[in-house]
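Each remark here refers to the structure printed beneath this line.
4 protein chains.
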Amino acid sequence: MSMNTFGHLFRVTTWGESHGPALGATVDGCPPNVPVDEAFIQQFLDKRRPGQNKNMTQRNEPDQVHILSGVFEGKTTGTSIQLMIENTDQRSKDYGDIANTFRPGHADITYHQKYGNRDYRGGGRSSARETAARVAAGGLARAVLNHLLPEVKIVGYMTAMGAMELDRSKIDLGAIEGNDFWLPDAEAAPAWEDYLQKIRKEHNSVGATVEVIAQNLPAGLGAPIYAKLDTDLAAAMMSINAVKGVEIGEGMAASRLTGTDNADEIFMGENGPEYSSNHAGGILGGISTGQDVVVRFAVKPTSSILTPRQSIRKDGTPIEVVTKGRHDPCVGVRAVPVGEAMMACVVLDHLLLHRGQVGENQGTIG
Amino acid sequence: MSMNTFGHLFRVTTWGESHGPALGATVDGCPPNVPVDEAFIQQFLDKRRPGQNKNMTQRNEPDQVHILSGVFEGKTTGTSIQLMIENTDQRSKDYGDIANTFRPGHADITYHQKYGNRDYRGGGRSSARETAARVAAGGLARAVLNHLLPEVKIVGYMTAMGAMELDRSKIDLGAIEGNDFWLPDAEAAPAWEDYLQKIRKEHNSVGATVEVIAQNLPAGLGAPIYAKLDTDLAAAMMSINAVKGVEIGEGMAASRLTGTDNADEIFMGENGPEYSSNHAGGILGGISTGQDVVVRFAVKPTSSILTPRQSIRKDGTPIEVVTKGRHDPCVGVRAVPVGEAMMACVVLDHLLLHRGQVGENQGTIG
Amino acid sequence: MSMNTFGHLFRVTTWGESHGPALGATVDGCPPNVPVDEAFIQQFLDKRRPGQNKNMTQRNEPDQVHILSGVFEGKTTGTSIQLMIENTDQRSKDYGDIANTFRPGHADITYHQKYGNRDYRGGGRSSARETAARVAAGGLARAVLNHLLPEVKIVGYMTAMGAMELDRSKIDLGAIEGNDFWLPDAEAAPAWEDYLQKIRKEHNSVGATVEVIAQNLPAGLGAPIYAKLDTDLAAAMMSINAVKGVEIGEGMAASRLTGTDNADEIFMGENGPEYSSNHAGGILGGISTGQDVVVRFAVKPTSSILTPRQSIRKDGTPIEVVTKGRHDPCVGVRAVPVGEAMMACVVLDHLLLHRGQVGENQGTIG
Amino acid sequence: MSMNTFGHLFRVTTWGESHGPALGATVDGCPPNVPVDEAFIQQFLDKRRPGQNKNMTQRNEPDQVHILSGVFEGKTTGTSIQLMIENTDQRSKDYGDIANTFRPGHADITYHQKYGNRDYRGGGRSSARETAARVAAGGLARAVLNHLLPEVKIVGYMTAMGAMELDRSKIDLGAIEGNDFWLPDAEAAPAWEDYLQKIRKEHNSVGATVEVIAQNLPAGLGAPIYAKLDTDLAAAMMSINAVKGVEIGEGMAASRLTGTDNADEIFMGENGPEYSSNHAGGILGGISTGQDVVVRFAVKPTSSILTPRQSIRKDGTPIEVVTKGRHDPCVGVRAVPVGEAMMACVVLDHLLLHRGQVGENQGTIG
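Protein chains in written order, with the UniProt record's numbering: chain X, 1 to 366; chain H, 1 to 366; chain G, 1 to 366; chain V, 1 to 366.
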């Protein structure tokens with residue numbers, strides 16, 4: 001029933017269309033006394049911002065976040081927080097043809113079939129611009145996590161893009177910020193860039209896989225059955241535009257394994273249980289183990305491409321669709337900070353749920 | 001916040017442990033005047049029931065469902081419906097060792113870390129027996145769908161199990177009921193059975209992939225952003241025990257495709273839009289297109305195996321765990337009716353949401 | 001959307017009809033490690049139980065609660081708890097006429113108009129028997145409160161019944177358990193009994209007012225705007241059968257007061273702020289002050305009476321309705337333990353919400 | 001968990017503080033294709049607006065609403081709607097003393113005790129300015145009701161203010177708009193004005209009672225047990241600042257009546273059932289009967305008064321509080337459009353719930 005809301009206790013409702021006056025996130029349930037300001041949140045929006053390099057859409061938005069409520073004298077008050085981002089670079093004229101035409105692989109047709117009235121300018125509500133609101137909310141969630149659990153680290157990176165695939169033996173999280181692809185492998189980045197420019201020049205686009213991990217989470221976050229940590233992560237990632245698959249730990253490959261291979265054996269370490277491996281992706285029975293929580297999701301190729309595709313108009317007549325305008329050749333690049341934001345929101349939400357329901361009473365080991 | 005509940009308007013709360021007196025599903029929001037009785041629901045429980053053949057756990061439960069409320073003179077009344085299944089074959093003595101030991105890959109350790117107190121008998125709340133309650137709720141959802149949208153068909157089947165993989169060119173949905181694996185390929189079934197028996201004799205287990213499709217859904221079910229049809233399906237499937245990945249349509253493979261390949265081109269048919277392909281899995285922008293809705297999920301291998309694995313006791317001391325008792329060598333087999341049940345619940349929920357929010361006003365095409 | 005559910009984190013879903021096989025409460029979100037058993041909960045059901053004296057319906061139900069899940073070895077596990085009460089004294093034949101007739105002032109007609117299909121036996125879902133499930137859930141909530149905040153006391157009593165009114169200068173909470181009316185004034189009870197027996201002999205019924213207080217709550221429970229403590233109490237009490245009004249502190253009479261009269265002046269006491277009066281009923285801005293939380297609600301007279309009233313049948317033809325069967329002459333008597341149960345659930349829910357959202361960080365005074 | 005949200009399907013989340021840059025309402029679940037623009041919503045804000053006459057605070061805000069999302073080409077799109085109102089007349093210096101002082105009867109102290117950090121300027125989040133956001137959301141709800149059920153009329157008026165009381169025999173709904181008190185009795189208005197000016201000159205304030213009715217609702221809105229129409233109305237009205245009591249129909253006086261008096265007898269009219277009276281306030285068993293739905297609520301006197309009251313500072317030291325600044329002598333006057341807004345939101349929400357869960361299948365009579 002909350003069509004545009006996610007979260008249990010840390011509840012984020014996003015609003016706004018690509019070419020309306022503004023978009024944003026209304027956040028209810030943020031704990032009080034958390035230091036946060038616009039600059040802190042802005043750094044995450046700057047990561048997601050389009051127009052930064054030639055691998056992104058050339059739409060140029062400053063994406064400046066404004067905190068309109070819920071923060072007083074630099075700290076959260078416990079009341080609802082409005083994070084607003086004004087739209088400043090809307091070239092509506094680019095999108096005129098779209099009003100009566102459905103792009104193949106795009107939400108144009110289903111929005112029309114469901115609602116009858118849609119803001120077609122720039123994709124309206126179905127535009128990837130909606131993810132700016134998520135990133136703002138995720139920045140707020142990170143501020144809360146920094147306050148409550150400063151040891152937690154959340155980081156995302158690409159692991160595949162069309163024919164390109166990350167060599168997992170070379171993963172170096174320190175390399176991520178040094179290239180345009182959030183690749184944890186500095187040497188591989190130039191080849192990925194060449195590949196993507198070739199795709200773009202062919203008037204095409206390509207899909208990608210993004211992995212997001214949360215490190216140093218305590219054991220015990222999550223809940224059985226439906227508010228499982230993995231359930232909520234799956235929902236969070238699948239709700240991002242263009243995502244078609246979500247994996248936890250071993251993911252789809254778990255179907256190929258035997259029980260002996262898949263068992264993460266347990267040993268007693270100095271600070272609690274340790275594991276021989278992490279096929280589980282840090283989650284057992286819907287609850288965190290204390291290992292890295294590992295989520296992966298696949299983003300389909302951008303449907304708005306310059307190569308003509310067959311489609312129909314609203315009146316049912318056929319048309320060859322060629323989508324001009326400014327589009328990312330691979331939305332996976334900008335999906336990295338979005339995935340991080342969703343991870344931050346889900347992890348914080350479960351931390352608050354855990355405090356509420358369980359308090360500090362946990363079973364000890366050893 | 002609803003730890004054990006799923007659904008927006010058709011809300012299912014499951015309760016019960018493997019070795020308690022009973023388990024069940026409390027269903028709130030079921031429409032009135034729907035014909036349903038215990039026999040109708042029982043047929044789906046019979047599909048999931050253990051002990052039916054040698055590919056399943058030998059636990060033998062009749063799993064008889066009792067409707068305790070919300071149905072009067074053979075029809076639903078619109079009030080909450082209690083579906084109860086008594087536990088009858090609990091051999092608690094089988095599980096005595098488990099009280100102080102954590103099975104690798106099992107929720108034993110995280111339940112202990114979170115709650116401190118767990119019903120360890122037979123896995124308690126984390127047992128796959130909980131899925132019986134989901135299947136009962138799914139049976140009720142099917143009764144409602146039969147009443148409101150009789151043309152909708154929901155069917156599940158296995159597509160992979162360890163080294164075995166379905167040949168998609170041979171898919172025959174009519175073959176599914178004729179073999180123990182819900183395989184849509186009658187000829188392949190004996191090889192799958194031999195493979196699974198070999199796994200069992202090696203004191204091992206194996207993972208699997210299950211695909212569930214919903215046919216003849218109307219276009220327009222779903223909603224943008226968080227109550228997306230694919231978001232809710234991802235959550236529903238990921239919430240099933242042992243599931244580690246969920247895919248819609250092309251799924252994780254979408255990351256390998258280009259935009260030209262991935263575009264499902266649109267043509268005008270006699271009864272509305274038709275598509276050249278279904279990479280989207282019947283969902284665009286979170287909303288159904290009218291094509292088959294296609295979901296796939298991977299189930300990890302059963303963690304309870306007879307091969308010894310290294311672990312620790314509650315006191316931190318090391319132990320080699322060998323899990324005796326009665327366990328499925330591949331829980332994927334019984335996950336098929338569970339996946340169908342979750343699909344039925346999610347589809348019905350979105351049908352009710354659509355009626356509430358949108359009514360019958362939809363955009364027409366042609 | 002949760003038609004039969006209340007609570008945010010401590011979520012209670014009730015189910016069952018008056019003359020079905022059983023009714024109960026499914027409780028999700030109960031904290032783990034709380035000592036509780038059937039006997040503890042039973043004591044509250046025994047207070048509400050009909051047939052105990054001539055001031056109640058003569059229906060005789062043992063109302064024995066069964067805990068079917070979520071409690072292991074005498075403590076809660078954190079998973080969903082099923083509290084079931086079997087119906088044993090259903091004399092369906094008493095209610096045969098009701099199938100096609102609408103009692104004035106009863107839900108018969110609106111259930112029919114909404115749902116088309118209703119279990120008319122004994123009022124079905126609209127029967128006051130549903131409150132047994134609330135009392136069971138309230139007993140569980142009390143067990144949790146005893147564990148987390150043992151100093152909290154919740155007590156209810158009648159303050160008016162038709163022409164009878166409590167003399168507030170004589171309130172003695174110690175007298176409540178000593179009479180059939182939960183009256184905090186032992187001397188007044190005989191007159192109330194005479195009055196009610198006179199009403200009964202006149203084939204009539206009468207309304208009542210019930211007050212419930214929660215003592216020793218900490219300051220800080222509640223939240224602004226919609227999850228206010230008073231909002232949730234108002235909803236909880238108004239949801240009880242036959243309730244037509246709810247008041248906090250001064251209640252409706254606040255409209256008659258001036259600002260100088262209504263101000264509860266504040267002084268610094270040894271253990272924190274103290275107040276000169278409690279017009280506010282222990283709640284300011286939706287948040288508890290630490291004073292007694294005071295809620296009052298009015299129950300209308302039972303609509304099922306032996307005096308004939310004009311009504312219609314399902315086919316629209318007129319009929320004089322005389323309701324035989326076993327009915328309370330004043331449902332307010334049995335509403336006392338129900339009001340206490342709702343108070344316990346709401347207070348616990350807000351305690352859990354507070355722990356989740358705010359943790360222990362509060363502003364100090366002095 | 002939704003601290004600042006109300007509604008099931010038509011979900012309104014309000015945000016903003018009295019002296020922040022802006023406040024507003026984020027509305028999720030609004031049906032598509034509803035004609036609405038800023039001017040339509042503005043008319044309701046203009047009714048609530050302060051500074052219009054001497055019976056109100058002299059704060060002068062234009063309270064201009066901006067629709068930032070969810071409306072395209074004059075019609076709703078089905079996506080989330082942001083209604084923003086900028087704050088323009090914040091004289092923060094008026095409120096400097098309040099930072100470390102708690103006004104008796106005000107949320108100052110409980111916000112501090114709960115959150116530790118509060119925006120004390122003008123009451124921050126606890127200011128009655130928050131109700132502007134509710135009125136904006138209510139205006140949107142009215143637009144939807146006009147579209148779906150144009151015959152529905154929602155109207156509010158004052159029935160008491162301190163010593164003043166409406167003579168119910170003189171109620172004329174046509175008179176309401178003609179006086180500053182929303183009084184349905186034109187002749188009485190001058191006496192009410194004299195009374196309130198006397199209260200103001202005495203440096204005092206006074207409480208009030210407001211009644212809101214919804215006419216021409218269909219039978220069948222609401223649901224048993226917790227999503228009852230009266231439950232949701234009670235919560236909606238109690239959530240308004242300063243409200244201390246809520247009544248449906250006969251309200252608290254129901255406790256004084258007998259069953260024979262209270263019975264609304266039923267007759268068959270030309271268009272369905274008709275009733276001899278409306279003690280029930282249009283709701284039986286939580287579901288609308290088709291009669292007028294009648295809700296009344298009491299507002300306490302403004303706590304911010306010029307007469308000194310005893311209180312404490314944050315450090316626990318005593319202080320005599322005199323609240324200067326601009327305050328309404330009776331907030332009940334401006335509570336009328338707020339009560340209407342809440343009624344509109346609740347009625348619409350239940351209309352959408354009914355469509356979703358029940359559809360058009362209802363039991364017929366006659």
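Don't be surprised by glycine CBs; every beta carbon is placed ideally from N, CA and C.
None of these values were measured; they are calculated from a predicted model.
- Remark: fewer than three beta-carbon pairs, one from each stretch, lie closer than 8 Å, so the region 293-301 of chain H and the region 330-345 of chain X are not flagged as touching.
- Across the region 2-17 of chain X, CB contacts with chain V closer than 8 Å involve 2, 3, 4, 5, 8, 9, 11, 13, 14, 15, 16 and 17, in sequence order along the chain.
- The Cβ atoms of residue 348 of chain H and residue 227 of chain H do not sit closer than 8 Å to each other.
- In the structure shown, the three-state DSSP call for residue 351 of chain G is helix.
- Taking a contact as a CB-CB distance under 8 Å, the pair residue 132 of chain H and residue 48 of chain H counts as one, their CB atoms being some 6 Å apart.
- CA-to-CA, the gap between residue 308 of chain X and residue 320 of chain X works out to about 6 Å.
- Non-local C-beta neighbours of residue 334 of chain H in its own chain, meaning closer than 6 Å and more than five positions away in sequence, comprise 48, ordered along the chain.
- Contacts with chain X (Cβ-Cβ distance below 7 Å) from the region 176-205 of chain H involve 199, 204 and 205, listed in chain order.
- Between the beta-carbon of residue 232 of chain H and that of residue 336 of chain H there is about 20 Å, and that puts the pair past the 8 Å contact cut.
- Between residue 25 of chain G and the set G:105, G:257, G:3 and G:136, the nearest pair of CA atoms involves G:136.
- For residue 109 of chain G, there is no enclosing beta strand (DSSP E); the enclosing alpha helix (DSSP H) has its first and last residue at 108-115.
- Every alpha helix (DSSP H) stretch that sits fully inside the region 208-259 of chain H and reaches 4 residues is listed by chain position as 229-238.
- Under the three-state reduction of DSSP output, residue 131 of chain G falls in the helix class.
- Among the bridge pairs identified by DSSP, residue 157 of chain X is matched with X:211.
- A contact between stretches requires three or more CB pairs, one per stretch, nearer than 8 Å, and the region 248-264 of chain X meets this requirement with the region 277-290 of chain X.
- Bounds of any alpha helix (DSSP H) do not take in residue 182 of chain V, whose DSSP letter is neither H nor E.
- Annotated three-state conformation of residue 282 of chain V is coil, per DSSP.
- Within chain X, the residues 68 have their CB atoms less than 7 Å from the CB of residue 22 of chain V, given in chain order.
- If you draw a 10 Å sphere on the C-beta of residue 291 of chain G, you find 16 or more other C-beta atoms in it, and that means buried.
- Per DSSP, the continuous beta strand (DSSP E) segment holding residue 28 of chain X begins and ends at 22-28.
- Scanning chain H for C-beta atoms nearer than 9 Å to the C-beta of residue 80 of chain G yields 3, 4, 5, 13, 14, 15, 16, 26 and 125, reported in chain order.
- The beta carbon of residue 314 of chain H sits no closer than 8 Å to any beta carbon of chain G.
- Fewer than three Cβ pairs drawn from the region 188-203 of chain X and the region 239-252 of chain H lie within less than 8 Å of each other, which leaves the two stretches out of contact.
- Contact between residue 119 of chain G and residue 77 of chain H holds, with the beta-carbon distance rounding to 6 Å and staying under 8 Å.
- Contact annotation: in the region 350-366 of chain V, residues whose CB is within less than 7 Å of a CB in chain H are 352, 353, 355, 356, 357, 358, 359 and 361.
- Assignment of residue 69 of chain H by DSSP, reduced to helix, strand and coil, places it in the coil class.
- Nearest to residue 178 of chain V by C-alpha distance, out of V:170, V:189 and V:169, is V:189.
- Judged by DSSP secondary structure, residue 199 of chain G falls within the alpha helix (DSSP H) whose first and last residues are 189-201.
- For residue 171 of chain G, the secondary structure class from DSSP, reduced to helix, strand or coil, is coil.
- Between residue 100 of chain X and residue 313 of chain X the beta-carbon gap is near 5 Å, inside 8 Å, which marks them as a contact.
- Ranked by how close their Cα comes to the Cα of residue 69 of chain H, the residues H:140, H:112, H:88 and H:19 have H:140 in first place.
- With a threshold of 16 other beta carbon atoms within 10 Å, residue 80 of chain X meets it and is buried.
- Look at residue 356 of chain G here: in three-state DSSP terms it is helix.
- Apart from the 5 residues on each side of it in sequence, residue 104 of chain V sits with its Cβ closer than 6 Å to the Cβ of 309 and 311 in its chain, given in chain order.
- Residue-level contact by beta carbon holds for residue 119 of chain X and chain V, with a gap shorter than 8 Å.
- For residue 327 of chain V, the closest of V:33, V:305 and V:187 by C-alpha to C-alpha distance is V:305.
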